[in-house]
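Notes to accompany the following structure.
In UniProt numbering, the protein residues as written are 1 to 592.
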């Protein structure tokens with residue numbers, strides 16, 4: 001992989017070690033990697049991230065993402081990290097990236113999606129199933145050749161892949177007169193095929209199978225995996241027909257090899273697609289199926305259990321029925337598949353959550369932080385659900401800073417307040433300094449301008465002059481209310497932390513439209529002529545970044561325009577046509 005030229009030799013070494021898989025060397029650099037990543041060009045950091053995905057090294061993938069690499073960055077062929085890992089058949093990394101919110105429908109320069117590429121990878125079935133389990137997946141998305149994942153499975157002669165694609169309702173189009181254009185639109189007859197788009201028409205999966213001599217095989221597979229008579233009766237909401245078929249013992253639903261073994265989960269998935277509440281007839285059908293012996297835990301084609309679908313439908317009665325008949329309420333082993341408790345917590349379904357707890361649902365996954373109902377409730381501001389979980393023994397986990405960071409990120413002051421009430425005293429002293437690769441929680445709250453959250457953090461001991469990072473919290477905002485709050489709480493307007501020795505005034509002078517922030521700092525006693533390690537003052541930076549208002553403010557407060565940096569640059573160097581000197585001359589003339 002080509003990578004951009006970088007100035008610092010250690011950056012080149014860092015990327016080289018990642019590319020050559022020098023595990024020992026890269027581990028030595030990991031200790032200093034966080035500091036290095038602050039100055040590492042984003043393009044180089046993204047390249048390191050992509051190479052780590054290619055080499056299937058999860059630790060490196062996690063680190064580069066934590067240090068600021070873009071989740072949707074692309075290589076020269078337009079492949080995102082998820083596309084690369086799907087192509088390589090790396091199930092663990094696909095899980096990891098999906099959990100972090102990677103675009104499951106991303107395309108590379110050829111238009112291939114993760115789903116299409118996964119089918120071409122060795123031992124791909126687990127990876128393909130994970131992608132299909134994502135609720136945002138578009139199973140019929142085409143590449144530039146007009147191929148979908150089902151096309152690819154047919155072309156690869158992969159019958160198991162064809163099977164799971166059909167289970168996921170991939171479009172099949174046995175109608176030989178059905179075509180698609182390059183944008184995925186279906187044209188039903190030749191009269192729709194104008195000369196303008198005739199070159200872009202693509203064959204349906206059935207037409208491809210016919211061309212490859214697989215027409216009869218595909219028809220058999222299609223027949224096998226279309227709804228059975230019993231499922232068709234359920235989908236039509238024909239209660240009497242369902243009862244008749246059951247009385248005649250038409251289907252062996254108890255056998256895992258039976259086509260109706262997962263009939264309840266498939267039926268509930270169909271109800272979900274209609275985006276409405278569950279009817280009494282549908283509940284009665286589920287009861288009939290359970291009494292007949294249908295599994296309450298068999299998954300549908302999207303890997304969902306019936307209990308998860310019932311929670312998503314918001315049906316208390318349906319959830320209760322499934323629980324009474326032994327629905328599995330434990331956490332899922334697949335990261336991208338959520339349990340019933342997680343879904344109820346995430347959606348704020350308090351009564352359903354109480355019901356699940358009554359049936360001894362698992363509330364804390366001691367083996368993983370991925371399944372964390374309390375985190376879901378707090379992140380979405382469902383305080384009542386969070387309190388219920390805590391009352392029944394849900395753990396905060398050791399990494400409590402994650403919860404604080406989530407509350408800040410989702411702007412949930414009420415969630416943070418609850419956390420502070422239940423958090424041990426010793427934990428409060430450290431969570432404000434918790435870092436997620438972008439500075440401490442307190443600095444992050446300051447950057448986002450959340451005054452209510454800032455006040456809560458200050459109440460539990462956040463340090464307005466914290467020195468763990470390169471500069472003070474005051475240097476991370478231009479919000480007047482936030483700045484005044486920090487100063488009132490004792491923030492030092494002349495602090496110069498770290499190797500650069502840049503004060504908050506110097507940092508703020510580099511930002512656009514910061515005249516009010518500069519005025520607040522200067523009125524609070526900020527030294528207008530303080531210089532950083534290179535001998536540059538706030539005026540140097542205001543002039544360099546070309547904000548005339550910033551230049552005017554610092555000059556009006558007595559900035560020395562004759563200060564020369566360590567490299568010999570005066571304050572007019574790099575400014576827009578020497579605006580510092582001109583404004584200073586005008587200002588002195590007006591005063592006379």
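Even for Gly, the Cβ is constructed at its ideal location relative to N, Cα and C.
These numbers come from a predicted model, not from an experiment.
Interface flag, residue i vs chain D, CB-CB below 7 Å
{"i": "residue 61", "result": "Annotation note: the requested chain D is absent from the structure, which comprises a single protein chain."}
Per-residue burial, residue i [other beta carbons within 10 Å of its own, 16 or more giving buried]
{"i": "residue 412", "result": "buried"}
{"i": "residue 615", "result": "No answer is possible for residue 615: the residues shown for the chain start at 1 and end at 592."}
{"i": "residue 88", "result": "buried"}
{"i": "residue 488", "result": "exposed"}
{"i": "residue 46", "result": "buried"}
{"i": "residue 504", "result": "buried"}
{"i": "residue 301", "result": "buried"}
{"i": "residue 306", "result": "buried"}
{"i": "residue 281", "result": "exposed"}
{"i": "residue 146", "result": "buried"}
{"i": "residue 601", "result": "A query on residue 601 cannot be resolved here, the shown segment of the chain reaching from 1 to 592 and no further."}
{"i": "residue 59", "result": "exposed"}
{"i": "residue 113", "result": "buried"}
{"i": "residue 477", "result": "buried"}
{"i": "residue 509", "result": "buried"}
{"i": "residue 550", "result": "buried"}
{"i": "residue 276", "result": "exposed"}
{"i": "residue 211", "result": "exposed"}
{"i": "residue 166", "result": "buried"}
{"i": "residue 204", "result": "buried"}
{"i": "residue 502", "result": "buried"}
{"i": "residue 291", "result": "exposed"}
{"i": "residue 304", "result": "buried"}
{"i": "residue 108", "result": "buried"}
{"i": "residue 499", "result": "exposed"}
{"i": "residue 324", "result": "exposed"}
One or two residues paired with residue i in a DSSP bridge
{"i": "residue 109", "result": "The partner list for residue 109 (beta bridge, DSSP) is empty, contrary to what the question assumes."}
Candidates the options: closest to residue i by CA position
{"i": "residue 264", "options": "278, 417 and 234", "result": "234"}
{"i": "residue 430", "options": "316, 401 and 203", "result": "401"}
{"i": "residue 373", "options": "332, 408 and 480", "result": "332"}
{"i": "residue 520", "options": "481, 207 and 552", "result": "481"}
{"i": "residue 284", "options": "301, 302, 242 and 93", "result": "242"}
{"i": "residue 540", "options": "557, 565, 517 and 418", "result": "565"}
{"i": "residue 410", "options": "269, 376 and 440", "result": "376"}
{"i": "residue 105", "options": "125, 91, 79 and 121", "result": "79"}
{"i": "residue 143", "options": "111, 61 and 543", "result": "111"}
{"i": "residue 328", "options": "359, 456 and 85", "result": "359"}
{"i": "residue 319", "options": "303, 341, 163 and 299", "result": "341"}
{"i": "residue 467", "options": "443, 485 and 343", "result": "443"}
{"i": "residue 405", "options": "414, 440 and 382", "result": "440"}
{"i": "residue 522", "options": "553, 293, 432 and 458", "result": "553"}
{"i": "residue 100", "options": "62, 155 and 408", "result": "62"}
{"i": "residue 535", "options": "506, 72, 546 and 515", "result": "506"}
{"i": "residue 350", "options": "133, 499 and 311", "result": "311"}
{"i": "residue 68", "options": "155, 206, 485 and 42", "result": "42"}
{"i": "residue 126", "options": "94, 139, 326 and 135", "result": "94"}
{"i": "residue 458", "options": "85, 74 and 485", "result": "485"}
{"i": "residue 135", "options": "414, 77, 98 and 557", "result": "98"}
Cβ separation of residue i and residue j, assumed to be a contact under 8 Å, to the nearest whole Å
{"i": "residue 346", "j": "residue 380", "result": "6 Å"}
{"i": "residue 464", "j": "residue 445", "result": "Rounded, the Cβ-Cβ distance is 12 Å, inconsistent with contact."}
{"i": "residue 428", "j": "residue 393", "result": "Wrong, their Cβ atoms sit about 21 Å apart, outside the cutoff."}
{"i": "residue 168", "j": "residue 161", "result": "Not confirmed; about 11 Å, so no contact."}
{"i": "residue 396", "j": "residue 423", "result": "7 Å"}
{"i": "residue 494", "j": "residue 527", "result": "5 Å"}
{"i": "residue 513", "j": "residue 559", "result": "Contact flag wrong, Cβ pair sits at about 19 Å."}
{"i": "residue 91", "j": "residue 130", "result": "6 Å"}
{"i": "residue 139", "j": "residue 170", "result": "5 Å"}
Contact test: residue i Cβ vs the ligand GTP heavy atom, cutoff 6 Å
{"i": "residue 168", "result": "Here there are no bound small molecules, and the ligand GTP is not part of this structure."}
**Item:** contact_flag[the segment 142-159, the segment 115-128] where n(CB pairs < 8 Å) is 3 or more
**Value:** Touching, per the Cβ criterion.
**Request:** Pair every Cβ in the segment 384-393 with every Cβ in the segment 413-422, then say whether three or more of these pairs are closer than 8 Å.
**Result:** Touching, yes.
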